[in-house]
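Asker:
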Amino acid sequence: MKIVAAKDTQSRRGPEEWFTGKVWMDPSPAEPPEAGVFRVLFEPGARTNWHTHPEGQIIHIVSGKGRVGNEDGSAVEVGSGDSVCFAPGEKHWHGAAPDSFMIHITINPAANSDGGTEWMEPVGDEEYGG
Ligand code: MN
302 MKIVAAKDTQ SRRGPEEWFT GKVWMDPSPA EPPEAGVFRV LFEPGARTNW HTHPEGQIIH
362 IVSGKGRVGN EDGSAVEVGS GDSVCFAPGE KHWHGAAPDS FMIHITINPA ANSDGGTEWM
422 EPVGDEEYGG
């Protein structure tokens, strides 16, 4: 058993190449990683760029209100307690609602820490607005 205490967890700003707005990421606790597991906080209006995960991804919303989308069309509202599963290679995005913070746990079922995420273009205001 290994316990990673909150006091030993260093949040860092999400890179501008991956996100619109301010996002705070905690590192994945397992070393070496059996899966990429990240706690991510999005400030209101912040969201990921479009991206894909080769092995898919599960996100679980811990608090706040968020929005998710894929190429099928409009953004979908999600909130505390909701989970969203993205298929391998499915192009998608996730983020906070315009008027709420959102915290989610992401689980990338791959042996490398970020699941081999392929990052693409930002999500435009129209796509985000849904
Ligand atoms: Mn994702």
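Note that our numbering has the sequence shown beginning at 302, numbered continuously upward.
Even glycine gets a Cβ: it sits at the ideal position worked out from N, Cα and C.
Just mark S329 as buried or exposed, buried being the case when its beta carbon has 16 or more other beta carbons within 10 Å.
Answerer: On the sequence shown, residue 329 is found 28 positions in, with the first residue counted as 1. Per the 10 Å Cβ criterion, buried.
Asker: Would the C-beta of T418 count as close to the ligand MN, meaning under 8 angstroms from any of its heavy atoms?
Answerer: Residue mapping note: residue 418 aligns to position 117 of the sequence shown, counting from 1. Yes, the ligand MN has a heavy atom inside 8 angstroms of this Cβ.
Asker: Assuming F320 and R340 are in contact, meaning their beta carbons sit under 8 angstroms apart, how far apart are those beta carbons, in whole angstroms?
Answerer: In the sequence shown, residue 320 corresponds to position 19, counting from 1. In the sequence shown, residue 340 corresponds to position 39, counting from 1. Not really, about 15 angstroms apart at Cβ, beyond 8 angstroms.
Asker: So, with DSSP's three-state summary, where would you put K392?
Answerer: The residue labelled residue 392 in the question sits at position 91 within the sequence shown. Three-state result, K392: coil.
Asker: Assuming P423 contacts G390 under a Cβ cut-off of 8 angstroms, what Cβ separation, rounded to an integer in Å, is found between them?
Answerer: The residue you call residue 423 lines up with position 122 of the sequence shown. The residue you call residue 390 lines up with position 89 of the sequence shown. The pair is not a contact, with the Cβ atoms about 20 angstroms apart (cut-off 8 angstroms).
Asker: Taking a contact to mean a Cβ-Cβ separation below 9 angstroms, would you say R368 touches H405 in this structure?
Answerer: Position 67 of the sequence shown, counted from the start, is the residue given in the question as residue 368. Position 104 of the sequence shown, counted from the start, is the residue given in the question as residue 405. Taking 9 angstroms as the Cβ cut-off, R368 and H405 do not qualify as a contacting pair.
Asker: Comparing the CB of I408 with every heavy atom of the ligand MN, is any distance shorter than 8 angstroms?
Answerer: Reading the sequence shown from its first residue, position 107 is the one you call residue 408. No, the beta carbon of I408 sits no closer than 8 angstroms to any heavy atom of the ligand MN.
Asker: May I ask you to check if the CB of F387 is nearer than 8 angstroms to at least one heavy atom of the ligand MN?
Answerer: By one-based count along the sequence shown, residue 387 stands at place 86. Checking the Cβ of F387 against the ligand MN gives yes.
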